[in-house]
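Asks:
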Amino acid sequence: MKTIIEPFRIKVVEPIELTTRQERESILREAHFNLFAIKAENVLIDLLTDSGTTAMSSEQWAAIMRGDESYAGARSFFRLCDSVREITGFDHILPTHQGRASERILFETIGVQGKIVPNNNHFDTTRANIEHCGGQALDLVIDEARDPQSRHPFKGNMDLDKLSALIEREGAERIPLCMVTITNNSGGGQPVSLANLRRVKELCHRHGIPFFLDACRFAENAFFIRKREKGLQDRSSRSIAREMFDLADGATISAKKDGLVNIGGLLLLRDHELIHQARNNLILTEGFPTYGGLAGRDLEALAQGLQEVLDERYLAYRIRTVEYLGEKLVEAGVPILEPPGGHAIYIDAKRFCPQIPPQHFPGQALAVGLYRIAGIRGVEIGSVMFGEGAHQSPMELVRLAMPRRVYTQSHIDYVIEAVTELYRLRSELRGLRITEAPPTLRHFSAKFEEL
Ligand code: F0G
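Here it is as structure tokens:
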């Protein structure tokens with residue numbers, strides 16, 4: 003048998019509504035052509051994000067009923083600690099309401115004012131939190147990552163020469179920590195190799211720089227390592243994940259991805275002084291340390307989700323789903339960022355609609371076009387998201403992110419048909435102009451008009 007099937011069956015269903023083309027025209031106008039401003043009920047297939055959109059398992063729902071809602075010392079917290087410790091080896095766990103809260107607490111605690119934080123590619127909230135704390139966020143991913151057609155197997159890798167040069171130039175005292183994002187979301191959901199993680203850690207430690215993971219998609223990264231890295235085929239994704247975490251001095255995690263839950267985050271630390279300060283910050287801003295910003299039932303669902311995500315059949319199905327979408331789009335001639343990422347396909351809008359220059363947001367035009375013709379919602383990752391101020395976006399992408407365990411193969415086939423149809427009509431796509439935008443993270447609330 004060749005078909006990799008969904009390793010689950012469906013117990014609860016949620017209807018999705020198809021709007022008419024005419025309805026979508028007025029929905030788009032009311033939303034000022036910003037897909038974040040559209041009501042989810044007006045979306046047929048929602049590929050805006052893989053974050054917090056997971057379908058939970060029957061075991062997770064059962065765990066929710068066991069949630070201990072005690073303010074302090076809840077049983078659910080200790081169950082979460084056991085689950086996280088088993089997978090990551092970290093003894094000290096701070097639960098937060100989501101990834102960006104972990105980031106904020108980390109940067110406020112470690113202190114980044116006037117300093118530089120390198121990463122392969124910072125996610126937008128990570129960059130924004132560093133800048134909000136007065137630091138500078140620097141992307142040092144390998145050059146292949148900026149070439150959408152390069153099929154490098156570990157396109158998320160950190161460029162060690164660039165990191166080494168940065169340390170040489172600025173001095174280790176100006177670098178309070180170094181991060182690596184696994185998988186590299188802003189660079190196309192691309193994995194980082196174990197060898198690369200090892201070398202980054204060695205380089206950092208030689209200079210006394212703490213090494214942190216942004217580990218939202220740690221299980222997908224581990225699976226890619228198992229499939230692609232020489233000599234690791236016989237290892238389990240679980241043991242590879244453990245080795246990745248063993249290299250790190252700490253990690254920020256949005257549990258809304260590979261935690262397989264709808265809300266939640268973690269901050270993992272080893273340094274005792276840092277833990278002490280971070281815990282005080284957590285109490286001030288998120289909640290008592292045994293629940294963070296979460297309910298007891300959320301802690302239970304996460305404890306269970308972290309175990310399920312490392313199931314090899316789940317990971318094989320998960321990665322194959324995204325790869326299948328990518329393969330079919332490439333067959334149809336649609337330019338995408340290759341190879342397919344772990345959680346999403348990134349359409350290359352620069353090549354899809356070359357008639358639209360970056361200042362007229364080709365990615366946004368493509369995303370609007372896809373919603374207009376098919377009711378599918380993706381997200382622009384290009385000059386709308388990263389084109390503010392001094393930052394120029396090297397790529398113009400539209401991300402189609404796959405919620406975990408939510409859509410079936412016929413949903414994916416519909417997406418393939420829609421993108422293929424839009425590609426046929428690509429010469430009709432029109433650029434946009436921003437009419438209103440906030441000072442930071444403008445993609446969430448900017449207003450546009452079509453040119
Ligand atoms: N780091 C990475 C790599 C992320 O992808 C995200 C979120 C975060 C941190 C922040 O976590 O949302 O729980 O506060 N990414 C989502 C996305 C929003 O759509 O890619 P959060």
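Be aware that the sequence shown starts at 3, since it is given in the numbering used here, and climbs by one per residue.
The beta-carbon is built from N, C-alpha and C at its ideal position, and this holds for glycine as well.
#1: CA-CA distance, residue 108 and residue 269?
#2: Can residue 100 be considered in contact with the ligand F0G, in the sense that its beta carbon sits closer than 6 Å to one or more heavy atoms?
#3: Just tell me which of 38, 240 and 11 has its CA closest to the CA of residue 448.
#4: Check residue 3 in the structure and name its three-state DSSP category.
#5: Which runs of the alpha helix (DSSP H), 4 residues or longer, sit entirely within the stretch 185 to 255?
#6: Between residue 363 and residue 395, is the Cβ-Cβ spacing less than 7 Å?
#7: Consider the C-beta atom of residue 287 and the heavy atoms of the ligand GTP; say whether any pair is separated by less than 6 Å.
#8: As a quick exercise: from 285, 189, 245 and 183, pick the residue whose alpha carbon is nearest that of residue 254.
#9: Residues in its own chain within less than 6 Å of residue 281 by CB, not counting five upstream and five downstream?
#10: DSSP state of residue 355, grouped into three classes?
#11: Would you call residue 14 buried or exposed, if buried means 16 or more other Cβ atoms sit within 10 Å of its Cβ?
#12: Kindly identify the DSSP beta-bridge partner or partners of residue 98.
#13: Since residue 121 is in the beta strand (DSSP E), which residue starts that stretch and which ends it?
#14: For the ligand F0G, any of its heavy atoms closer than 6 Å to the Cβ of residue 218?
#15: Nearest-angstrom Cα distance between residue 199 and residue 175?
#16: To the nearest angstrom, report how far apart residue 235 and residue 143 are at their CA atoms.
#17: Using CA atoms only, rank isn't needed, just tell me which of 155, 58, 10 and 110 is closest to residue 339.
#18: With DSSP run on the structure shown, which of helix, strand or coil describes residue 400?
#19: Any heavy atom of the ligand F0G closer than 6 Å to the Cβ of residue 447?
#20: With burial defined as no fewer than 16 other Cβ atoms inside 10 Å of the residue's Cβ, what is the status of residue 446: buried or exposed?
#21: Please look up how many angstroms separate the CB atoms of residue 223 and residue 194, rounded, as I've assumed it's under 8 Å.
#22: Return the chain-ordered list of same chain residues with a C-beta closer than 6 Å to the C-beta of residue 318, the five sequence neighbours on each side being excluded.
#23: Below 7 Å between beta carbons: does that hold for residue 296 and residue 266?
#24: Could you have a look at residue 378 and say whether DSSP puts it in helix, strand or coil?
#25: For residue 160, which beta-bridge partners are listed by DSSP?
#26: Quick one: residues in its chain with C-beta nearer than 6 Å to the C-beta of residue 92, no 5 flanking neighbours on either side, listed in chain order?
#27: List the endpoints of the continuous beta strand (DSSP E) containing residue 182.
#28: What does the alpha-carbon distance come out to for the pair residue 165 and residue 191?
#29: Give me the Cβ distance between residue 400 and residue 424, rounded to the nearest whole Å; I'm assuming they're in contact under 8 Å.
#30: Go to residue 434, then tell me how far its beta strand (DSSP E) extends in each direction, as first and last residue.
#31: Consult DSSP for residue 319 and reduce its assignment to one of helix, strand or coil.
#32: Could you give the distance in angstroms between the alpha-carbon of residue 230 and the alpha-carbon of residue 185?
#33: Report back the beta-carbon spacing between residue 349 and residue 336 to the nearest angstrom; my notes put them in contact at under 8 Å.
#34: Indicate, with yes or no, if the ligand F0G has a heavy atom lying under 6 Å from the CB of residue 125.
#35: Looking at the secondary structure, which residues open and close the alpha helix (DSSP H) in which residue 66 lies?
#36: Would residue 120 be called buried (16 or more neighbouring beta carbons within 10 Å of its own) or exposed?
Replies: In this structure, then:
#1: Approximately 8 Å, taken between the alpha carbons.
#2: For the ligand F0G, at least one heavy atom lies less than 6 Å from the Cβ of residue 100.
#3: By alpha-carbon distance to residue 448, the top candidate from 38, 240 and 11 is 38.
#4: Coil.
#5: You should have 196 to 208, 220 to 230 and 239 to 249.
#6: Not closer than 7 Å, so no.
#7: The ligand GTP is not part of this structure, which contains only the ligand F0G.
#8: Comparing alpha-carbon positions, the option among 285, 189, 245 and 183 lying closest to residue 254 turns out to be 183.
#9: If the five residues before and after residue 281 are omitted, its C-beta is found closer than 6 Å to the C-beta atoms of 291, all from its own chain and listed in chain order.
#10: For residue 355, the secondary structure class from DSSP, reduced to helix, strand or coil, is coil.
#11: By the 10 Å Cβ count, residue 14 comes out exposed.
#12: For residue 98, which the question treats as bridged, DSSP gives the partners 267.
#13: For residue 121, the uninterrupted beta strand (DSSP E) segment begins and ends at 118 to 121.
#14: Yes, the ligand F0G has a heavy atom inside 6 Å of this Cβ.
#15: Approximately 21 Å between the Cα atoms of the pair.
#16: One C-alpha to the other measures close to 25 Å.
#17: For the residues 155, 58, 10 and 110, the minimum Cα distance to residue 339 belongs to 155.
#18: Residue state, collapsed to three classes: strand.
#19: Not one heavy atom of the ligand F0G is found less than 6 Å from the C-beta of residue 447.
#20: Classification for residue 446: exposed.
#21: Correct: roughly 6 Å between the Cβ atoms.
#22: If we look at residue 318 and ignore the five residues flanking it on each side, its Cβ neighbours are 6.
#23: Yes, Cβ-Cβ distance for residue 296 and residue 266 is below 7 Å.
#24: In the structure shown, the three-state DSSP call for residue 378 is strand.
#25: When DSSP reads this structure, residue 160 sits in a beta bridge with 143.
#26: The answer, listed in chain order, is 270.
#27: Start and end: 180 to 183.
#28: Between residue 165 and residue 191, the C-alpha separation is close to 21 Å.
#29: The Cβ separation is near 10 Å, so there is no contact.
#30: Segment 434 to 438, the beta strand (DSSP E) holding residue 434.
#31: In the structure shown, residue 319 sits in a helix (DSSP, three-state: H, G or I).
#32: Whole-angstrom Cα-Cα distance: 14 Å.
#33: Right, the Cβ-Cβ distance comes to about 7 Å (below 8 Å), so this counts as a contact.
#34: Answer for residue 125: yes, Cβ within range of the ligand F0G.
#35: Here the alpha helix (DSSP H) through residue 66 covers 60 to 67.
#36: Label assigned to residue 120: buried.
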